[in-house]
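Under my numbering, the first residue of the sequence shown carries the number 743, and numbering increases by one thereafter.
All C-beta atoms, glycine included, are put in the ideal place defined by N, C-alpha and C.
The structure presented is a predicted model; accordingly, all values stated were derived computationally and were not measured.
Notes follow the structure.
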Amino acid sequence: MTVTANAADRMPWALLASLALAYSLAFVDRAIVGLMMSDISRDLGISREYTSLLVGTGFALVYAVAGVLAAILLSRMHPRNTIALGIIVWSLATAACALARGPNEFLLARMLVGAGEATLVPAAYAWIPARTPYHRVGIAIACFTVGVALGSGLSLGFGGHLIQAISESLQNGVWLGLSSWRIILIALAIIGLPIALLVWRVDPAPVGYSANDVRSPSPDLRAPAWLFLGCACVISTIYLQLFWAHNFFAEKFGMDLASSALVVGIAVALGAVGAIGGGIVGDRLARAAVVLPHVAMMIAMNILQIAMFLAAFLVPSVSISVGAYMIAMAANGAIGATMGPAISQLFPSDRRAVAASICLAAGTGLGLGVLVPLVGAMARQLGIGIALLGGTTGLLVLSCVFLWSARAQRRPALALPAQSKTRA
């Protein structure tokens, strides 16, 4: 995609802020639904394990397919139209989740939520580099991914208190026939509509492909394939934390929902600090001509996460456990900021949206669609601590292997795709 003249001189802060806000809303939905699974299970008359399948697998399957389709449509639609339409779809579908009276209705609504949310990241990964100075793409994508930490952290940090407060204030547990989780989802649906309008209005200038972009050759897919596998494993770990970590702290240390959710919320919010730090360090490594510098950054952060998660889930001291967990999640945030720049180093600009959608589809499908329900089933036999530790550290070890393979595959051919400082 071509870059506007202003992009060579300044960062598109208004665009980054609006996209980060949209990303926050998406992860508020994903995180807070994990907190409300017990209430959802009770109202729909199904088991907690079955609810995790409805919440996770149905969402993930549609998310994976819709993300690729949305990326393909970017050649015909402005990114702002793609994202704004996606926000409207997922907001209306969130309201439909709140009004669902049975598991089938809830599943269909969650699938539509997945379809809407799938438009955001591929379009943002195409839009942001087209408006950002080439040497600052890493920090720009980091600002966007801050939305993950803020959305997840806020929903977990305050969601537990909010759910408890609403439940305690409702007479007979309902208001106008709606229980607390239904009220919260309707509120999220309403909030989404003005955010869609904000994204649609923030940057209407054309974003087009150049002739060279349209005819760009297909890249060697060996290094990208390893990168996708490594990123999928890392993405999966965040979903395990969003859905099950508060259960671990509640069971091991006797915390109530509000306290355990607050611990996880603060830890996830620290990912924002990690994201900014990861973007800055990754850009500096890139200027130092390190092979796939952002992938090297990801490997280092994975190793740090493994050590911290082992301490968090095995040490009996609550203070050490909580402290180690927060460091681990900050490192996870640093990885989130490096995925976009890593993809940009392996793909020409017109193929990055599709590449990003495939990467996210793999991670969301594996994490939310497979591992979240699997860890829930394992927890019944092994306990939540062992199940969560095994799933998390296993994924991170595999991620290190895959990412190292991507760098090894790339090392024989150091030349990156042709780019210039006026190209995304």
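CB of residue i within 7 Å of CB of residue j, strictly
| i | j | result |
| --- | --- | --- |
| I829 | A938 | yes |
| V775 | V797 | yes |
| I928 | A840 | yes |
| T1080 | G1024 | yes |
| A802 | G1078 | no |
| A1054 | G1016 | no |
| V949 | A826 | no |
| P864 | A806 | no |
| A1028 | P1035 | yes |
| V770 | G893 | yes |
| A773 | L984 | yes |
| M1071 | A992 | no |
| A884 | V855 | no |
| G895 | L767 | no |
Inter-residue spacing [alpha-carbon to alpha-carbon] between residue i and residue j
| i | j | result |
| --- | --- | --- |
| A1104 | L1138 | 15 Å |
| T793 | M779 | 7 Å |
| L904 | I925 | 11 Å |
| N954 | P1090 | For N954, the predicted model reports a pLDDT of 41, less than 50, meaning its position is unreliable; a value from the coordinates is still stated below. Computed Cα separation, rounded: 10 Å. |
| R1152 | S1099 | 21 Å |
| R1094 | G1111 | 24 Å |
| V888 | L1145 | 23 Å |
| A1121 | A866 | 36 Å |
| G1020 | A1014 | 10 Å |
| I977 | L1012 | 16 Å |
| N823 | A756 | 17 Å |
| A759 | A882 | 10 Å |
| M691 | L920 | A query on residue 691 cannot be resolved here, the shown segment of the chain reaching from 743 to 1166 and no further. |
| L1052 | G1007 | 19 Å |
| G1118 | A1129 | 8 Å |
| Q1123 | S1061 | 27 Å |
| R1165 | L940 | A caution first: R1165 carries a pLDDT of 37, below 50, which makes its placement in the model unreliable, though a value can still be read off. For R1165 and L940, the distance between alpha carbons rounds to 26 Å. |
| A868 | I788 | 41 Å |
Outcome for residue i when other beta-carbon atoms lying within 10 angstroms are tallied against a minimum of 16
| i | result |
| --- | --- |
| N1044 | buried |
| I932 | exposed |
| P1058 | exposed |
| S952 | With a pLDDT of only 41 at S952, under 50, the local geometry of the prediction cannot be trusted, and no value is derived from it. |
| A907 | exposed |
| D998 | exposed |
| R1149 | buried |
| I1069 | buried |
| I1126 | buried |
| S911 | exposed |
7 Å Cβ cutoff, residue i in contact with chain D
| i | result |
| --- | --- |
| L795 | The chain labelled as chain D is not found in the depicted structure, where only one protein chain is given. |
*alpha helix (DSSP H) runs contained entirely in the region 822 to 901, provided each spans 4 or more residues*: Complete alpha helix (DSSP H) runs here, min 4: 845 to 859 and 862 to 872.
*Any chance you could list the alpha helix (DSSP H) runs of at least 4 consecutive residues sitting entirely within the region 1084 to 1144, in chain order?*
With a minimum length of 4 residues, the continuous alpha helix (DSSP H) runs that stay inside the region 1084 to 1144 are 1094 to 1106 and 1114 to 1124.
*Counting only runs that start and end within the region 932 to 1000, where is the beta strand (DSSP E) found for 3 or more residues in a row?*
Within the region 932 to 1000, complete beta strand (DSSP E) segments of at least 3 residues are not found at all.
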